[in-house]
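Each residue of the sequence shown is one higher than the last, beginning at -11 in the numbering used here. Don't be surprised by glycine CBs; every beta carbon is placed ideally from N, CA and C. Keep in mind that this is a model prediction, so the values were computed, not measured. Report on the structure given below.
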Amino acid sequence: MTNTSTMPTAGPLPEDFREHVREAIASLSEEITTGPVGADPLTRRAVIHRMLGEFDKAILDHDRAVAAYPLDPIVRCARGITLLQAGQTAAAARDFDQAAELDVWDVETHYQQIAAHVALGQWGQAVEALEAFLNPRDEDLERRLREWEAGRAAGSEDE
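As structure tokens, this is what we get:
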């Protein structure tokens, strides 16, 4: 399934579609103000603002989502894409770097991370990001695997 919060925007929306988009913003705004603020409605509203080219509004919503959920890689990657489209490539690269650290398996994050560093002419960082993508190190997963193997070995000694 495609994560629409991290999809780049293809260009201006047709005028007849913009009204539907504005209705979606109003609905998401109501959802945000009537309940506990979650990352999902904030991020979705930010993406809609991005689609409309309203980068200042989009970045404000992304900032709120990141402040509330700093360890969510999708939230950081979505903000990175908005920053990239707003011409803030260095800030976008920082978000992609952080998102890649939080989720070493996400292809979209690594793609955006590498592309941002290439766009900045940061070849060393681009190569590091590519190597991290090709050889992911998920330390938590590695720790759990060691624990599982140790438990399995201990179980075979009991037999």
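- I36 and A87 have their C-alpha atoms some 21 Å from each other.
- Between the C-alpha atoms of Q73 and R125 there is a straight-line separation of about 29 Å.
- Contact between L118 and I102 holds: CB atoms are separated by about 6 Å, below the 8 Å threshold.
- Take T70, set aside five residues on each side of it, and the residues of its chain with a beta-carbon closer than 7 Å to its own are A34, R38, F43, A46, I47, H50, in chain order.
- Taking the Cβ atoms as the reference, L108 lies roughly 6 Å from A78, within the contact range of under 8 Å.
- Pairing G68 with Q76, the inter-Cα distance amounts to about 9 Å.
- The residue among P29, N123, E130 with its C-alpha nearest the C-alpha of V54 is P29.
- Runs of the alpha helix (DSSP H) lying entirely within the segment 23 to 87, each at least 4 residues long, are 27 to 39, 43 to 56, 61 to 73 in chain order.
- In the DSSP annotation of this structure, the continuous segment of the alpha helix (DSSP H) that includes L118 starts and ends at 111 to 122.
- In this structure, D85 places its C-beta atom within 9 Å of the C-beta atom of Q113.
- DSSP places W93 in the coil class of the three-state scheme, outside both helix and strand.
- The straight-line gap separating the alpha-carbon atoms of E130 and W136 is approximately 10 Å.
- Contact annotation, A104 with A80: C-beta distance approximately 5 Å; criterion of less than 8 Å satisfied.
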